[in-house]
Amino acid sequence: MRWVLALPLVLAGALPVGCRDHDAPEPSASAAETTPEPQADAGGVIDTGADAAEASPPLPAGLVIEDLVTGAGPACPEGAAVTVEYVAMLSDGTVWDSTEKRRRAMRWELDSPNLIEGLRRGVPGMRAGGRRVIRIPSELAYGKTGRPPIPPGEDLRFEVTLVSWEPAAAQPG
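Heads up: the sequence shown is residues 658 to 830, going by the numbering used here.
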């Protein structure tokens, strides 16, 4: 009599095993173990699977970009006017500026000499809604002199989200 009462429990325990697809291959390693880490090419660009025909021009030595989110729509060209949200950090991770602190998105003219070269060269190619990490060597930021609170010779890291962009304004001819 006891085995009759135990039979439904045994059958219920076997049910998940019986419903399993036996043709499906067993995973042999986790995705983290089999997916290679993205590597920067000689120009500092990390391949994120984007179409090579839409790639940005080669980057200066030491400038590294990594797309976290691709975004949508056409790619932002060099010289465009962009609206961005960002977090700016020193190489040790200390945040020294952000749009959250400013409580508003920022507009940058990518052809402006007032914008550090690392951002002028690191933002083109982004799409609206895209998020990118831009690692900027000191030579493309504030150089040997620095600019408080940025010490001399400091490499920077920006996490930039492109809100929108507009083509560069036509120059009077």
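Using N, Cα and C, we set each Cβ at its ideal position, and we do this for glycine too.
At a Cβ threshold of 8 Å, is residue i touching chain B?
i	result
T756	Here chain B cannot be found, since the structure has a single protein chain.
To the nearest angstrom, how far is it from the Cα of residue i to the Cα of residue j?
i	j	result
E811	E742	22 Å
R778	R764	16 Å
L740	W822	Going by the sequence as given, residue 740 is Thr instead of Leu. Roughly 6 Å between the two C-alpha positions.
P770	R804	16 Å
L767	A785	15 Å
R760	I722	25 Å
L772	M783	17 Å
How many whole angstroms separate the CB atoms of residue i and residue j, which I take to be in contact at a CB cut-off of 8 Å?
i	j	result
P781	P734	6 Å
A762	V820	5 Å
L797	L720	6 Å
V790	E816	5 Å
What are the partner residues of residue i, as DSSP defines its beta bridges?
i	result
D754	A745
V721	R792
R804	I807
V817	Y743, R789
V726	R788
R764	T740
E823	A738
Taking all protein chains shown into account, do 16 or more other C-beta atoms lie within 10 angstroms of the C-beta of residue i, making it buried, or fewer, making it exposed?
i	result
V752	exposed
P794	buried
A745	buried
A729	exposed
A732	buried
Might you give, ordered along the chain, the residues of its own chain that have their beta carbon closer than 6 Å to the beta carbon of residue i, omitting 5 neighbours on each side?
i	result
R814	M746, R792
R788	L725, V726, T818
D754	A745
For a test of your reading of the model: does the CB of residue i fall under 7 Å from any non-hydrogen atom of the ligand ZN? Yes or no.
i	result
Y743	As far as ligands go, the structure on display features none, and thus does not contain the ligand ZN.
Note down, in chain order, each residue of its chain lying with its Cβ closer than 7 Å to the Cβ of residue i, except the 5 sequence neighbours on either side.
i	result
E774	L797
P717	R778, L797
P809	K801, T802, G803
Excluding the 5 residues flanking residue i on each side, which residues of the same chain have their C-beta closer than 8 Å to its C-beta?
i	result
I807	L747, W753, A798, Y799, L813
A826	A738
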